[in-house]
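Residue numbers (the numbering used here), protein chains in the order written: chain A, 1247 to 1549; chain B, -6 to 191. In this text, a Cβ means the ideal position worked out from N, Cα and C, and glycines have one as well. Before any comments, here is the structure.
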């Protein structure tokens, strides 16, 4: 076929009306003919403008979001890379340089090219030197890596936010455990002291069911109490611990019972009292210097 | 080749280059600019809204993945999009069972257009309307038979032999009309809009 014969095919190709066989022949001619490529470009632009004669149709609600979501989900490694595109510098082609022999192997994969084939053909270039090609590949890989890192950064930001939340929760849990451990240690210290004495406190009239165990370390004054069966404190009130020595009540800390009537308390009381009596009264919240309310628990240390 | 490019084409090309770099905002902008026009083509070719929207999704996914294969030196960004969309729609048309399509056609004719969901950017609709007017006027300069074969070929995706059979015309006549019609259209557009469309 002569150049003029190929020219006859250009408008039909641009209108999308060329059959496969003729198309194949045109594809072989185009890389070597700048004139035909230019004319095809103009005719294809004209054909594409026919879309403007159609009434635009707004896509269904949600389609935009769906497409954006799908795009975000595209793994950058799946992004299509055609070898002919890798070797596509922006400078114009000298038609005389573009010979069939210099085409990339992908040229024959017509099924891949389909509708885009002629566009792709325009990108065919004489083979680059190895160094230049390697540089282009490197730049492309860098681009893909950037895209990948960009997506990764977004994912990681979300993960960091979620992990920060979980870290705060974990810290809260750790603080609780630390408090429990400290409390267990202080109980252990008190119980292991050679100067420890133990008292069993029994419930008095307001709460006959109440019961408590108390350990008092005479050498340090540390005391731990574990009580059960205590009724809930009325609003604005709290239980208060007392050490009674020589008929004189010395104030300890205030505390409240949990919903099951249980309470656990560590306190620092005056040391060096031998066989003191302990009592728990119901007082104003915050405690009082001398007992005013009812006695709920009382008992004396043995030994 | 002339390098002078009107700003709209330049802007489209800029958008596709940004998409090639993985810019989602640019991608959404391309969608907002062209989804409705491309869906118009999909519907014209496929005659089924679900099919058309499905292909529209495929097309935009392909735009995302292949934007770097667009080279502004080779033509307008819009032509690249249109070529991609048309090719995808025709592939789908051939894949869909003809009888099923015929059934859908009768059921969905006259279906109302859904409410707008693409973001409308100020003056873009005016630009589109202006282009549409120029293309219609240029097309009106063509004899009816040339206009017909062009629309059947490009917008309906019919092959020359299909057009020849449908119009009961010799194949050679169809080819000549397509060729003459498109060249005249190209010239008419150039004289109307200068570099803008041709």
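Residue i classed as buried or exposed, judged by whether at least 16 other C-beta atoms fall within 10 angstroms
i: residue 1492 of chain A; result: exposed
i: residue 1353 of chain A; result: Its pLDDT being 37, under 50, residue 1353 of chain A is placed unreliably by the model, and the measurement read from it follows with that caveat. By the 10 Å Cβ count, residue 1353 of chain A comes out buried.
i: residue 1290 of chain A; result: buried
i: residue 23 of chain B; result: buried
i: residue 79 of chain B; result: buried
i: residue 1437 of chain A; result: exposed
i: residue 33 of chain B; result: buried
i: residue 1424 of chain A; result: exposed
i: residue 164 of chain B; result: exposed
i: residue 1480 of chain A; result: exposed
i: residue 1534 of chain A; result: exposed
i: residue 2 of chain B; result: buried
i: residue 1530 of chain A; result: exposed
i: residue 1288 of chain A; result: buried
i: residue 1307 of chain A; result: exposed
i: residue 1336 of chain A; result: With a pLDDT of only 40 at residue 1336 of chain A, under 50, the local geometry of the prediction cannot be trusted, and the value read off the model is given with reservation. Residue 1336 of chain A is exposed by the Cβ-count criterion.
Any chain B beta carbon closer than 8 Å to residue i
i: residue 1508 of chain A; result: no
i: residue 1270 of chain A; result: no
i: residue 1252 of chain A; result: no
i: residue 1403 of chain A; result: no
i: residue 1385 of chain A; result: no
i: residue 1257 of chain A; result: yes
i: residue 1406 of chain A; result: no
i: residue 1399 of chain A; result: no
i: residue 1288 of chain A; result: yes
i: residue 1421 of chain A; result: no
i: residue 1482 of chain A; result: no
i: residue 1410 of chain A; result: no
Through-space distance from residue j to residue i, alpha-carbon basis
i: residue 1314 of chain A; j: residue 1509 of chain A; result: 58 Å
i: residue 1415 of chain A; j: residue 1404 of chain A; result: 17 Å
i: residue 182 of chain B; j: residue 59 of chain B; result: 29 Å
i: residue 1494 of chain A; j: residue 1541 of chain A; result: 15 Å
i: residue 1512 of chain A; j: residue 1452 of chain A; result: 24 Å
i: residue 61 of chain B; j: residue 16 of chain B; result: 12 Å
i: residue 1389 of chain A; j: residue 13 of chain B; result: 9 Å
i: residue 1311 of chain A; j: residue 1477 of chain A; result: 59 Å
i: residue 1250 of chain A; j: residue 1401 of chain A; result: 57 Å
i: residue 1523 of chain A; j: residue 1406 of chain A; result: 56 Å
i: residue -2 of chain B; j: residue 1410 of chain A; result: Because the pLDDT at residue -2 of chain B is just 46, under 50, the model does not fix this residue reliably, and the point stays unresolved.
i: residue 43 of chain B; j: residue 49 of chain B; result: 10 Å
i: residue 1269 of chain A; j: residue 47 of chain B; result: 28 Å
i: residue 1426 of chain A; j: residue 1448 of chain A; result: 26 Å
i: residue 1532 of chain A; j: residue 1441 of chain A; result: 30 Å
i: residue 7 of chain B; j: residue 20 of chain B; result: 11 Å
i: residue 77 of chain B; j: residue 52 of chain B; result: 7 Å
i: residue 172 of chain B; j: residue 1318 of chain A; result: 42 Å
i: residue 184 of chain B; j: residue 128 of chain B; result: 11 Å
i: residue 1446 of chain A; j: residue 1545 of chain A; result: 6 Å
i: residue 123 of chain B; j: residue 1299 of chain A; result: 11 Å
Residues near residue i by beta carbon distance below 6 Å, same chain, minus five either side
i: residue 1473 of chain A; result: 1458 and 1509
i: residue 1527 of chain A; result: 1486, 1537, 1539 and 1541
i: residue 73 of chain B; result: 63
i: residue 1519 of chain A; result: 1491
Sequence-distant residues of the same chain with beta carbon closer than 7 Å to residue i, five excluded per side
i: residue 169 of chain B; result: none
i: residue 1282 of chain A; result: 1252, 1253, 1256, 1275 and 1276
i: residue 1507 of chain A; result: 1474, 1475, 1476 and 1477
i: residue 1432 of chain A; result: 1468, 1470 and 1512
Check: residue i C-beta below 7 Å from any heavy atom of the ligand ZN
i: residue 1459 of chain A; result: With respect to the ligand ZN, the structure shown offers nothing to examine, as it has no ligands at all.
Residue i: contacting residues in chain E (beta-carbon distance under 8 Å)
i: residue 1312 of chain A; result: The structure shown contains no chain E; its protein chains are A and B.
Neighbour flag for residue i against chain A, beta carbons, 8 Å
i: residue 28 of chain B; result: yes
i: residue 107 of chain B; result: Since pLDDT at residue 107 of chain B reaches only 43, below the 50 mark, its modelled position is unreliable, and no value is offered.
i: residue 21 of chain B; result: yes
i: residue 5 of chain B; result: no
i: residue 119 of chain B; result: no
i: residue 0 of chain B; result: no
i: residue 87 of chain B; result: no
i: residue 10 of chain B; result: no
Close Cβ partners of residue i (< 8 Å) along its chain, the five nearest in sequence each way excluded
i: residue 1490 of chain A; result: 1496, 1522, 1523, 1524 and 1525
i: residue 30 of chain B; result: 121
i: residue 1482 of chain A; result: 1530 and 1531
i: residue 1271 of chain A; result: 1247, 1252 and 1255
i: residue 166 of chain B; result: 157
i: residue 1285 of chain A; result: 1253 and 1256
**Prompt:** At a Cβ cut of 7 Å, what residues of the region 154 to 188 of chain B count as close to chain A, listed as they run along the chain?
**Reply:** If the cut-off is 7 Å between Cβ atoms, the region 154 to 188 of chain B has 168, 171, 172, 175, 176, 178, 179 and 182 near chain A.
**Request:** Compile a chain-ordered list of the residues in the region 128 to 151 of chain B whose CB is closer than 9 Å to at least one CB of chain A.
**Result:** Against chain A - using a Cβ distance shorter than 9 Å - the residues of the region 128 to 151 of chain B are 128, 129, 131, 132, 142, 143, 144, 145, 146, 147, 148, 150 and 151.
**Request:** Pull out every residue of the region 1298 to 1309 of chain A whose Cβ sits closer than 8 Å to any Cβ of chain B, in chain order.
**Result:** Residues 1298, 1299, 1300, 1301, 1302, 1303, 1304, 1305, 1306, 1307, 1308 and 1309.
**Request:** Taking only beta carbons into account, state which residues of the region 30 to 58 of chain B come closer than 7 Å to chain A, listed in chain order.
**Result:** With the criterion set as a beta carbon lying under 7 Å from some beta carbon of chain A, the members of the region 30 to 58 of chain B are 30, 32, 33, 34, 36, 37, 46, 49, 50, 53, 54, 57 and 58, in sequence order.
**Request:** Would you list, in chain order, the members of the region 69 to 80 of chain B that have their beta-carbon closer than 7 Å to a beta-carbon of chain A?
**Result:** 69, 71, 72, 73, 75, 76, 77, 79 and 80
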